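Asks: Can you keep this structure in mind? I'll have questions shortly.
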Amino acid sequence: MFVSFSEFRFTLNQFSRIGLFTCLLLLISACTHISAQQVKLSAPIKLTVGEGFVNPIGYYEQVPRFSWQIAADANSQLQQAYQIQVASSLARLANADADLWDSQKQLSSATSWIKYQGKALSSRQQIFWRVRIWDEQAQISKWSEAASIELGLLANEDWQGQWIRHPETGEMQAFDHKNKQFKNKLYRPQYLTTQFIATNKTSDKKSTAEIKQARLYITAKGVFNAYINGQKVSEDVMPPGWTPYLQRIETLTYDVTALLNEGENVLAATVAEGWYTGRILWPVPREVKPSALLAQLEIQYTDGSRQTVVTDRNWQVTVNGPIRAAGNYDGETYDANYEMPGWNKLGFNHDESWKPVISEALEPQVVLAPKRHHASAVKLTLPAISIVDVANPEPGVVVFDMGQNMLGVPELNIPVLANQKVKIRFAEALQKNTFYTKNMRSAIATDYYTPAQSGVINYVPTFTFHGYRFVEISGFDQSKTPDLSWLKGRVLHSNFDVNANFKSSHAKLNKLAENVVWGLRGNFLDIPTDCPQRDERLGWTGDAQVFAAPSMYMADVYGFWAAWLQTVREEQADDGRIPNFIPTKESKHGRGSSSGWGDAAVIIPWELYLLTGDAQILKENYDMMQKWLAFHQEKVKDDLSTMGGFADWLQPHPKAKEGSQARRGDTSIELISTAYYAHSLDYIAKAAQVLGRDADAASYTASFNRAKVAFRKAYYDEQTKVIGAASQTSYLLPLAFGLFDGVDVTNAQQHLLATIASADHHLRTGFLGTPLLAPVLQDMGRSDVMYDLLFKETYPSWFYSINNGATTTWERWNSYSLKDGFSKASMNSLNHYAYGAVAKWFYEGILGIKSAGVGFNEINIEPQFNQRLTQASGSYKTPQGEVAVEWSIAQGQLDMQVTIPKNTLANFILPQVQAGTLIINGESVSNQKDAIDKGLTKNMLIKQAPGAYRITGRISL
Ligand code: BGC
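Have a look at this one:
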C-alpha cells in the first residue's frame, strides 16, 4: 500500500545524484556521529482516529484506527518506522506505561489507518495514545502530544432507559397536497423534562464527593434538542440525522459536566418528526409511529461513584409548546402564545397539559450505535444583500435576496404585532421577477410565527430546513420599513471543514468553483442529497456516485461518506439490489435498482480507498460490492447487461422530445448498463486484490474481460463507431472505463472529438457522461478540448448557468435563464451537485494534483496549462499533509511553486515546458547527466522528495 523504505532509500540515492538534496545530505553526514537515540526530531502532529476524528468522545469504533502526520517544518522527510503507545490514563502514558497497547517499533512508512491491536476496549472507555517515528536516517522523533479517545455506548445493553413519548402524541392530520385534504398522520413536537438530584449520597452514606465528569448519551426517533438546566447541550442541528431507523439509530454523546449543578437539576428535550416520522417524497400511506426520546445521563463523582438518570416514567411531556408543527418539507409553525418560560429549568410549574410519559422498551433488532460522523451544524451565517422589488407584490409583503442559494434556515429580527401571524416563504430564484415556488412541488416550505406581543422578535426555525436564495416575509408590523437587518441566513450542513481553495485568473471559472462548493454545502445534510428544496432531498445513489470523489477534494467528507455507505449496506436487499435512493425502506416508495446508480456500492468504496489509502473502507463494503455484482449478473445475458436505469440522466438536446425517454438521453441503456457492469467488475477485482482475495480477483477479472469483449462487439461497428445514436457518452464510457484496446481507443477518441465538434464544441452529456469528459480528454492529451467545453458561454455549458445568475450548480443545464425564468420541465432544482463533479479536474487537471498510488503516498504534479489561464492555485489535504500548487504564466514564462507533504514522493510531469528550459529550485534539470537516463528531458522528474519547489521554464501554449 505504501512505498517501502527500500524505495525511499533508492529515492535518496536519486536525490543525491540529481543534486537536489545536497543540503539534506550534508546535514545528515554532519549528524552521523550522533547516535540515533540522541537525536530528537520534532514530534508527529495532527493525531486523528478513524476517518479524521480529533480526541473524539462518544466514539463509534471499538478497534480504532490511528493516523498522524510529520510536521511540514520537521527535519525528517520520510518515515521508516513508528511506535504507538496506548494507555488507560494520561499519567501512565507519560510514564511510558502503555497498559493497553504498545505497538513496539514497526518498520513501516504508513502514517495512517493503523489498527489498534491492544486489550479489548469497551463502552465509555477513555484511552490515551501517542506516537513517535523513525525517519529515513533512523533518527527517532520525540513522542507526540497525547491524544485521547472516549468510546460511546457500543451496545444496546448499555442503555438502561426506555423510549419515552407523549401518551396521545397530539396526532394531527397532515395535508395531502394533491387532493387538497388532510390525510397522513402528523405529530406535534414534544417537550419532555425530568427533574433529579445530582448526588452520590445514599441514605446510609454521607459523601462530599463532587461531580467529576458527566456524559449525556441521547438519541431520538425523530430529531431532538437537549437541555440541562435550560442550557442547550450542543449546537448540533437535527440530530441524530437519518439512518434506516428500523435497523440502526445513531446516538450522540455530549460532555455536560459544566452544565450540572450539585443538587437539583432539570434534564429536558424537544423532539420533532424529522426524517423518522416525516413524509419522504409525496405522501404515501404508511404506518408512521410518533417520535420518541431515549437518553442516559451518567455522572461520575470524584470518589469514583456514579449516578445514572435515564428516560423512564419519571418524565413529563407536553405537546402544547410553541413549536406547533415541524417538518422537513413543509416548514415549521411557531406560536409564541404557547411559550412556556423556564419549562426546561428548575422551579417550573407544569400545567395540566403536561402528562406523564409512556415508555416503550428498546427493540433488540434496532441497533443503537454511536454516530459515526459529525452531526449537522450552522456553518456560516450570511447577511441579506438586498430587498427586491417583485412584480405584483401582495400587499404587506417584502422579499429579501440572500445573494446565495443555500441550505439552511432564516434568522429573523423583525417588528411584529401581537397575534398577527408572520409568514415566511422561500424561493431559489425569481421567475420573471415574481416569487416562484412551483419547483418545490409538494413541499410547502413555509414557516409561520405568531407573536404573543408586539415588538421585535428573534426567530430561527428549529426542526426544518429550506433550500433558498430569496425569502418572502409577510405579516410583519406594517408601520415599519423593511430593513436588511431583519434577516440573516444560517447555512447548515454536516459539521465538516470545507477546504476548497481553487483560484484562477478567470472570474467565471472561479465563480463556477464557488458554485460547486455551494452545491456541496447544499446537499450534505447528514446524508448526500440530490437537492435541498423540493419534496425529495434524497440520497440518490447515482448523484452520489459521481460526486463522492470530487467532494473529497473540497471538504473533509471521508467520515460522511463512510457513514452513508453503512446505510447503503443496510439498505441493500437480500437479492443484492441497491435502491435508487438511500435511506429508502421506511419511505414506502419503490425500491428499484438502476445501473450507474446502484454501482455507487462499488465505485464509492473503491474511489475513497484510492484517495485515502484506507483498506478498511474496502473491507467494510466488500460483501455489499459482491452482492451488487451478483445481482447485476442475474441480469446479464451473454455478458451483456439487461439492467434498466435512468441512463445518461438529463442529457441536453435529447432526440426524444418529451417524457421519460427525453430525460434518459440518447445513449442506449443497454450500452450504459454493460459499461457499468464491466466497470464495477474492474473495480471489485482490484478491491479483491487489495484484500488478498486472489481467487475472487481472478474470477472478476475474467468476467470483466468477457464483458469488455461483448461490449465492443455488441455496440460498435468495425471502425469503433457506436451503433445507434452517436452520443458523447457512448465514447466516454468505454474510454474512461478501459473497455477498449489498441486501435479501438484511438478510433473512439476520434469519434468523441467528432461528436464534440458537431455540437459546436458543446458538451452533450448528462449525469453519467459529464464527469468523464475531463479525465478522458486529459488522458488522450486533449485538455485543450476540455478547456473549450469548460469555457463555453452558451447552453449547454457550465458558464451558461453563471451567465444566468447561478450561485450553485443546477439539476439541468437549462434549469433557469434570466430572461425566461425556470425552464418548463418539472424537475428544475437549482441546487443539484452532479454537474459539479467537474471540480475534481480543477485540482487534478488544472493544478495537476493527482494521487499516483493510493492515498497520495506518491503524487503526480501534472498541471494542464492553457492559454485561457495565466494563473491558478489551490491545495489538497492528503493523509500525509497538504500538497499545494500555484502557477502563473507571463510572456511565455512559467513560474510554479509546489509544496509536497512529508512522507510523500512527487513526480513532476511538465511536457508543455520547453526542453532544456526547466529550472527547479535554481538548478537546470537538463544539465544533469542522469536527466537523460531518467527521461528528464521529457520534463519528467520522478520520485522527488517532500518539500517546497520553485519551478520555472519557457512554455508555449
Ligand atoms: C433526482 C435526481 C435523481 C433522479 C433519478 C431525480 O428526481 O433529483 O437527482 O438521480 O431523480 O431519477
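Under my numbering, the first residue of the sequence shown carries the number 16, and numbering increases by one thereafter.
Quick reminder that beta carbons are idealized off the backbone N, C-alpha and C, glycines included.
In this text, all values refer to a predicted model and were calculated from it rather than measured experimentally.
For the candidate residues P425, G591, N335, whose alpha-carbon lies nearest to that of K642?
Replies: Residue G591 is the option with its Cα nearest to K642.
Asks: Any chance the region 87–105 sits against the region 62–73, with 3 or more Cβ pairs inside 8 Å?
Replies: Touching, no.
Asks: Can you tell me where the alpha helix (DSSP H) with K642 in it begins and where it stops?
Replies: Element bounds for K642: 631–649.
Asks: For H869 and A399, what's the separation of their Cα atoms in angstroms?
Replies: The question names His, but residue 869 in the sequence shown is Val. Approximately 44 Å, taken between the alpha carbons.
Asks: Does the beta carbon of T842 fall short of 7 Å from some heavy atom of the ligand BGC?
Replies: The displayed chain sequence assigns Met, not Thr, to residue 842. Yes, the Cβ of M842 comes within 7 Å of a heavy atom of the ligand BGC.
Asks: Verify the contact flag: G557, CB atom, against every heavy atom of the ligand BGC, threshold strictly below 7 Å.
Replies: G557: yes, Cβ under 7 Å from the ligand BGC.
Asks: Heavy atom of the ligand BGC less than 7 Å from the Cβ of S365, yes or no?
Replies: Inspection of the sequence shows that residue 365 is occupied by His rather than by Ser. Result no, Cβ not under 7 Å from the ligand BGC.
Asks: Cβ-heavy atom distance between W664 and the ligand BGC below 7 Å?
Replies: Yes, the Cβ of W664 comes within 7 Å of a heavy atom of the ligand BGC.
Asks: Pull up the CB-CB distance for Y964 and I924, whole angstroms please, since I reckon it's below 8 Å.
Replies: Contact flag wrong, Cβ pair sits at about 13 Å.
Asks: Under a three-way DSSP split, which group does M955 fall into?
Replies: Note: M955 maps to strand in three-state DSSP.
Asks: Do Y815 and E826 have their C-beta atoms closer together than 8 Å?
Replies: Going by C-beta atoms, Y815 is not nearer than 8 Å to E826.
Asks: S888 to F837, Cα distance in whole Å?
Replies: If you take the alpha carbons of S888 and F837, they lie about 35 Å apart.
Asks: Bridge partners for E265 per DSSP, in chain order?
Replies: Its beta-bridge partners are A384.
Asks: Give the DSSP-derived three-state secondary structure of P425 in the structure shown.
Replies: P425 falls in the strand class under three-state DSSP.
Asks: Could you pull out every residue in the same chain whose Cβ sits closer than 6 Å to the Cβ of E76, ignoring the five residues on either side in sequence?
Replies: These residues qualify, in order along the chain: G65.
Asks: Would you kindly report the start and end of the unbroken alpha helix (DSSP H) that includes K600?
Replies: Taken as a continuous stretch (DSSP letters only), K600 belongs to no alpha helix (DSSP H), as it is neither H nor E.
Asks: Going by CA-CA distance only, name the one from G537, L231, E877, T449 that's closest to K394.
Replies: The shortest C-alpha separation from K394 is found at G537.
Asks: Between A287 and the rest of its own chain, which residues show a CB-CB distance below 6 Å, the 5 nearest in sequence each way excluded?
Replies: So the list reads P204, G237, V238, A341, F478, once near-sequence residues are dropped.
Asks: State the DSSP-derived secondary structure class of H508, mapped to helix, strand or coil.
Replies: DSSP places H508 in strand when its eight states are reduced to three.
Asks: Within 10 angstroms of its Cβ, does Q121 collect 16 or more other Cβ (buried), or is it exposed?
Replies: With fewer than 16 other Cβ atoms within 10 Å, it is exposed.
Asks: Classify L275 as helix, strand or coil using the three-state DSSP reduction.
Replies: DSSP places L275 in coil when its eight states are reduced to three.
Asks: Helix or strand or just coil, what does DSSP make of M911?
Replies: The answer is strand: DSSP assigns M911 an E or B state.
Asks: Does the distance from the C-beta atom of W533 to that of T823 stay below 8 Å?
Replies: Result yes, Cβ atoms of W533 and T823 sit closer than 8 Å.
Asks: Can you round the beta-carbon distance between R505 and V424 to whole angstroms, since I take them to be within the 8 Å contact cut?
Replies: Correct: roughly 5 Å between the Cβ atoms.
Asks: Compute the distance between the beta-carbons of F415 and F485, then report whether it is under 8 Å.
Replies: Cβ distance < 8 Å, so F415 and F485 count as in contact.
Asks: Is H181 buried or exposed, if buried means 16 or more other CB atoms sit within 10 Å of its CB?
Replies: Per the 10 Å Cβ criterion, buried.
Asks: List the endpoints of the continuous alpha helix (DSSP H) containing L788.
Replies: Where L788 is concerned, the enclosing alpha helix (DSSP H) stretches over 785–794.
Asks: Quick one: Cα of W297 to Cα of G245, how far?
Replies: So the alpha carbons of these two residues sit roughly 37 Å apart.
Asks: Just to confirm the assignment, what range does the beta strand (DSSP E) spanning T627 have?
Replies: Where T627 is concerned, there is no enclosing beta strand (DSSP E), although the alpha helix (DSSP H) it sits in stretches over 615–627.
Asks: Candidates Y202, Q177, N276: which alpha carbon is nearest I233's?
Replies: Nearest C-alpha to I233: Q177.
Asks: Please go through the same chain and pick out, in chain order, the residues whose beta-carbon is closer than 8 Å to the beta-carbon of L750, but skip the five residues on each side of it.
Replies: If we look at L750 and ignore the five residues flanking it on each side, its Cβ neighbours are V760, A763, Q764, L767, L787, V791, D794, M795.
Asks: Going straight from the alpha carbon of E487 to that of T285, what length do you get?
Replies: In a straight line, the C-alpha of E487 is about 28 Å away from that of T285.
Asks: Looking at the ligand BGC, does it come within less than 7 Å of F511, judged from the CB to the closest heavy atom?
Replies: Checking the Cβ of F511 against the ligand BGC gives no.
Asks: What number of angstroms, rounded off, separates the C-alpha of M417 from the C-alpha of A528?
Replies: Spanning the two alpha carbons is a distance of roughly 19 Å.
Asks: In the DSSP output, which residue or residues are listed as bridge partners for D345?
Replies: In DSSP, D345 forms no bridge with anything.
Asks: For E183, tell me which candidate among D114, S306, F211, L166 has the shortest Cα-Cα distance.
Replies: Of D114, S306, F211, L166, the residue nearest in Cα terms is S306.
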